[in-house]
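J.: Counting along the sequence shown from 1, when you hit position 243 you're at 243 in the UniProt record's numbering, and nothing is skipped either side.
Pasting a structure here, questions to come.
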Amino acid sequence: MAEPEIKGRYNLRKRRKIYASNNLVDRISVLPDEILVSVLSLLPLKEAQATCVLSKRWHCVWASLMALNFDTNKRLSCLKGLKPKARDLELIHRYVGWVNSVVEQHKGPRIDQFRVSYFLNEKFSSSIDKWIEFALRKGVQMLELNLLEYAYYCTIRPGYAFPHKLLGLNVEESSSSRKEESARKHLCPDSPSHQPCVCVGFKSLRVLTLECVDISGEVLEYFLRSCPVMERVSVYGSSKLVNLRVVSPSFALKYLVIQRCSNIESIEIVDAHIVSFAYDGGEKIRLRLENVPLLVEVSIQEHREYYSFLSMDVLFASLSSYISQLEILKMNNTILYCKEYYVVPMLPNLKYLGLSFKDDEALMQLALFLKASPYLQRLVIHLHYSVSNRKKRHFTNKRAAKCSHHYLKKVELVGYDCSTREDELVKYLIKTAINLEQIVIDPARRWLYRLPKRQDAARREEQARVHFRQLKVDLPLTTEFVCL
1 MAEPEIKGRY NLRKRRKIYA SNNLVDRISV LPDEILVSVL SLLPLKEAQA
51 TCVLSKRWHC VWASLMALNF DTNKRLSCLK GLKPKARDLE LIHRYVGWVN
101 SVVEQHKGPR IDQFRVSYFL NEKFSSSIDK WIEFALRKGV QMLELNLLEY
151 AYYCTIRPGY AFPHKLLGLN VEESSSSRKE ESARKHLCPD SPSHQPCVCV
201 GFKSLRVLTL ECVDISGEVL EYFLRSCPVM ERVSVYGSSK LVNLRVVSPS
251 FALKYLVIQR CSNIESIEIV DAHIVSFAYD GGEKIRLRLE NVPLLVEVSI
301 QEHREYYSFL SMDVLFASLS SYISQLEILK MNNTILYCKE YYVVPMLPNL
351 KYLGLSFKDD EALMQLALFL KASPYLQRLV IHLHYSVSNR KKRHFTNKRA
401 AKCSHHYLKK VELVGYDCST REDELVKYLI KTAINLEQIV IDPARRWLYR
451 LPKRQDAARR EEQARVHFRQ LKVDLPLTTE FVCL
C-alpha cells in the first residue's frame with residue numbers, strides 16, 4: 001500500500017514543478033517597451049498607471065504613455081445645487097495631485113494627447129500652468145483643458161486665465177477692443193526658460209480645446225500664427241475673448257468653434273482655409289466671412305441666457321456669399337423666428353440639415369427648408385418645448401407648403417415627447433419624403449450638463465417610447481423606425 005502512495009506524491013510534486021516552471025516564464029514582460037506601451041494605451045490612464053505594481057519590469061512602462069487623458073467618474077455634491085463640501089474640495093485636490101504625479105513621473109520623449117476634465121478655477125493656476133508647459137515641452141498634438149463647472153445650466157464665470165506669459169507674450173488685460181488691438185503689436189519674450197518648450201509644442205500642436213479657460217483674442221491669434229499645423233480650435237466660455245481675426249491664408253486652421261463667450265463682439269474670417277465654423281452665442285455679433293472657398297459646414301446656436309435670438313435674416317445675411325456651397329448646416333438649439341413671407345435661400349449642395357423648433361409653426365418652417373434643399377439626405381430636428389408648456393395642441397399646418405422630396409433618406413427627432421404636434425410632424429415627413437428609409441426617435445433631453453437624469457424625466461422618456469411603438473403600427477412598412 002505504501003508504493004502507490006509514494007508514487008502519487010511523486011506525481012503531485014512533478015505536476016507542481018511543471019506548473020511552477022511554466023509560470024516562471026512571463027512572456028508579456030519580455031516584449032519590447034513599444035509594444036507594452038501600445039497595450040497600456042488601450043486602458044484608462046488610472047488602470048494603466050496601476051500596472052506599476054506588477055513587477056520591476058512594469059514599474060515605469062506606463063510613464064511612457066503618449067495619450068494622457070485625465071478623465072474621471074468622480075462627481076461633486078454641487079451637482080445638486082449645493083455649496084461645495086469638504087469632500088468636494090478633497091476630490092478636487094486629489095485630482096490635481098493625480099495630474100501632478102503623472103506629469104512629474106512621465107519619462108516618454110513626447111505625448112500625443114493631454115486632456116484635463118474637471119472643475120478647476122483660478123486657485124489652481126500654478127498647477128495648470130505647469131501642465132500646459134509640460135504638454136508643450138513634450139510636443140503635444142492635442143491639448144484640451146475642460147474646466148467647466150459641474151453645475152446646473154453649465155454656469156460660466158471668470159476662472160482660470162491662459163498663461164500668455166508662458167508663450168512669451170506681454171499682453172495687458174483689457175476688454176476694450178482698442179486696447180486689445182494695440183496689445184497685438186506688443187510681443188516680447190518673457191522667460192527664456194520657457195521658449196524651448198514653446199517652440200517644440202508649436203511645431204506639433206494640431207488641436208486646441210479650451211473650456212472655461214479665459215483666453216484673449218490676441219493670444220488665440222498668436223497660437224494660429226505660431227502653430228504651422230494647427231487645424232482645430234475650440235473655445236468655450238472665455239470671458240476675455242472679445243474680437244477674433246482669422247485673416248491669413250498661411251493659417252492651417254480648418255475647424256473653428258466659438259461657444260458662449262459672453263463678451264464676444266466680432267469674428268472675422270478672411271482669406272482662410274476654414275472648412276467648418278460653429279458659433280454659439282447671441283445675435284449681437286459682427287460676423288465677417290470673406291474669401292472662404294472651402295467652407296462647407298456651418299453651425300449656429302444660441303442659449304437662453306442671451307435673450308436675443310438669431311433670426312434667419314441675420315443668419316443668411318452673414319452667409320449670403322457662401323450659402324450655395326454649404327453641405328452641412330446646423331441650427332441646433334437656435335430658435336429661428338420665421339416670418340410667413342420669408343423665403344429661405346436655395347441650398348443646392350446641402351446634404352445635412354439640423355434644425356430646432358419651439359413653436360407651432362414648425363411645419364411651415366420645415367417645409368420652407370425642404371423646398372430650398374432639393375438634395376438633402378439627412379434631417380435632424382431638435383424639439384424644444386418647456387417642461388411647463390406641454391399642451392397637446394395640433395400643428396398649425398394649413399400654411400405648410402406641399403412638396404415631394406426625393407433624396408431625403410434619414411430623419412432624426414431629438415427631444416420627442418409624444419405630443420400631437422410631433423405625431424403630425426412624423427406623418428408629414430413620411431408623406432413628403434418619398435424615399436425615406438429611416439426615422440430615429442430620441443426622447444432624451446440633453447440640456448443639463450453632467451447631471452444625473454431625474455426620475456420624472458426618465459419616466460417621460462419611457463412614456464414617449466411606448467407611445468411611439470404604438471404609433472408606428474399605423475406607419476408604412478417600407479420605412480425603418482428606430483426608438484433610442
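By construction, the Cβ of each residue, glycine as well, lies at the ideal position given by its N, Cα and C atoms.
#1: Give me the Cα-Cα distance between Leu366 and Gly281, rounded to the nearest whole angstrom.
#2: Nearest to Lys351 by alpha carbon, out of Phe481, Tyr407 and Ile300?
#3: Count the other CB atoms, across all protein chains shown, that sit within 10 Å of the CB of Lys391; report buried if there are 16 or more and exposed otherwise.
#4: Considering only the alpha carbon of each residue, which of Asn100, Phe202, Met331 and Ala317 lies closest to Val343?
#5: My understanding is that Leu143 touches Ala135, with C-beta atoms under 8 Å, so please give their C-beta distance in whole angstroms.
#6: So, with DSSP's three-state summary, where would you put Asp71?
#7: Can Thr479 and Ile441 be called in contact, C-beta distance under 8 Å?
#8: Report the residue from Ser216, Lys427 and Val229 whose alpha carbon sits nearest the alpha carbon of Phe162.
#9: Tell me which residues share the same chain as Val257 and place their Cβ nearer than 6 Å to its Cβ, disregarding the 5 neighbours each side in the sequence.
#10: For a test of the three-state rule: what should DSSP assign to Asn291, helix, strand or coil?
#11: Alpha helix (DSSP H) containing Gln49: first to last residue?
#12: Which of the three DSSP states is assigned to Val466 in this structure?
#13: Buried or exposed: which applies to Thr420, given that a residue is buried once 16 or more other Cβ atoms fall within 10 Å of its Cβ?
#14: Could you say which of Val296, Arg225 and Pro109 lies nearest to Arg245 if we only look at CA atoms?
#15: Between Ile111, Pro109, Arg115 and Gly108, which lies nearest to Val96 when the distance is taken from Cα to Cα?
#16: Just to confirm the assignment, what range does the beta strand (DSSP E) spanning Glu268 have?
#17: With DSSP as the reference, label Lys410 as helix, strand or coil.
#18: Out of Ser248, Ala464 and Pro228, which has the shortest C-alpha to C-alpha gap to Glu268?
#19: Taking the alpha-carbon of Ile92 as reference, which of Glu211, Ala458, Ile111 and Phe70 has the nearest alpha-carbon?
#20: Taking the straight line between their C-alpha atoms, what separation do you get for Ile132 and Tyr255?
#21: Can you look up Thr478 in the DSSP assignment and give me helix, strand or coil?
#22: In the DSSP assignment, find the alpha helix (DSSP H) that holds Ala433 and state where it starts and stops.
#23: Assuming Ile381 is part of the beta strand (DSSP E), what are its boundary residues?
#24: To the nearest angstrom, report how far apart His164 and Leu40 are at their CA atoms.
#25: May I ask you to report which of helix, strand or coil DSSP gives Phe114?
#26: Can you check the segment 209-292 for any beta strand (DSSP E) of at least 3 residues that lies completely inside it and give the ranges in chain order?
#27: Looking only at its chain, what residues have a beta carbon closer than 8 Å to the beta carbon of Tyr125, apart from the 5 residues adjacent to it on each side?
#28: Where does Val144 sit, in a helix, a strand or coil, going by DSSP?
#29: Distance, Cα to Cα, Gln377 vs Asp88?
#30: I need the boundaries of the beta strand (DSSP E) containing Lys330, first residue and last residue.
#31: Determine the burial state of Pro32: buried for a count of at least 16 other Cβ atoms within 10 Å of its Cβ, exposed for fewer.
#32: Starting from the C-beta of Lys410, find all residues in its chain whose C-beta is less than 6 Å away, skip the five residues before and the five after it, and write them out in chain order.
#33: Taking all protein chains shown into account, decide if Asn243 is buried (16 or more other Cβ within 10 angstroms of its Cβ) or exposed.
#34: With the cut-off set at 8 Å, would you say Leu355 and Met331 are in Cβ contact?
#35: What is the DSSP secondary structure of Val298, counted as helix, strand or coil?
#36: Cβ atoms of Gln49 and Trp62: under 8 Å apart, would you say?
T.: Taking the geometry as given:
#1: Their backbone Cα atoms lie some 23 Å apart in a straight line.
#2: Comparing Cα positions, the closest option is Tyr407.
#3: Confidence in Lys391 is poor, its pLDDT being 45 and thus under 50, which makes the residue's placement unreliable; the coordinate value appears in the next sentence. Lys391 is exposed by the Cβ-count criterion.
#4: Of the listed residues, the one whose Cα sits closest to Val343 is Ala317.
#5: In this structure Leu143 touches Ala135 by the C-beta definition: roughly 5 Å separates them, less than 8 Å.
#6: The three-state reading of DSSP puts Asp71 in coil, since its state is none of H, G, I, E or B.
#7: Contact flag unset, no.
#8: Of Ser216, Lys427 and Val229, the smallest CA-CA separation from Phe162 is found for Ser216.
#9: The answer, listed in chain order, is Ser234 and Ala278.
#10: Of the three classes helix, strand and coil, the one that applies to Asn291 here is coil, per DSSP.
#11: Looking at the DSSP string, the run of the alpha helix (DSSP H) that includes Gln49 is Leu45 to Ala50.
#12: Three-state DSSP puts Val466 in a helix.
#13: By the neighbour-count rule (16 or more Cβ atoms within 10 Å), Thr420 is not buried but exposed.
#14: Scanning Val296, Arg225 and Pro109 for the CA closest to the CA of Arg245 turns up Arg225.
#15: Measuring C-alpha to C-alpha distances from Val96 to each of Ile111, Pro109, Arg115 and Gly108 identifies Arg115 as the nearest.
#16: Ser266 to Val270 is the span of the beta strand (DSSP E), which, as asked, contains Glu268.
#17: Correct three-state label for Lys410: strand.
#18: The shortest Cα separation from Glu268 among Ser248, Ala464 and Pro228 belongs to Ser248.
#19: The shortest C-alpha separation from Ile92 is found at Phe70.
#20: For Ile132 and Tyr255, the distance between alpha carbons rounds to 22 Å.
#21: Three-state result, Thr478: coil.
#22: Careful: Ala433 lies outside any alpha helix (DSSP H) and carries neither H nor E.
#23: Run containing Ile381: Arg378 to Leu383, per the beta strand (DSSP E) assignment.
#24: Each residue's Cα considered, the two are about 34 Å apart.
#25: Here DSSP, grouped into helix, strand and coil, assigns Phe114 to strand.
#26: Listed in chain order, the complete beta strand (DSSP E) runs (minimum 3 residues) inside the segment 209-292 are 232-236, 243-246, 255-259, 266-270, 276-280 and 286-290.
#27: The sequence given here has Ser at residue 125, not Tyr. So the qualifying residues of the chain are Tyr160, Ala161 and Pro163.
#28: Reading off the sequence shown, one finds Glu at residue 144, where the question assumed Val. Here Glu144 sits in strand by DSSP.
#29: Gln377 and Asp88: Cα-Cα distance of roughly 47 Å.
#30: First-last of the beta strand (DSSP E) with Lys330: Ile328 to Lys330.
#31: Per the 10 Å Cβ criterion, exposed.
#32: Within the same chain, and ignoring the five residues on either side of Lys410 in sequence, the residues whose Cβ sits closer than 6 Å to its Cβ are Arg378 and Gln438.
#33: Per the 10 Å Cβ criterion, buried.
#34: With contacts defined by Cβ atoms closer than 8 Å, Leu355 and Met331 form a contacting pair.
#35: Under the three-state reduction of DSSP output, Val298 falls in the strand class.
#36: Yes.
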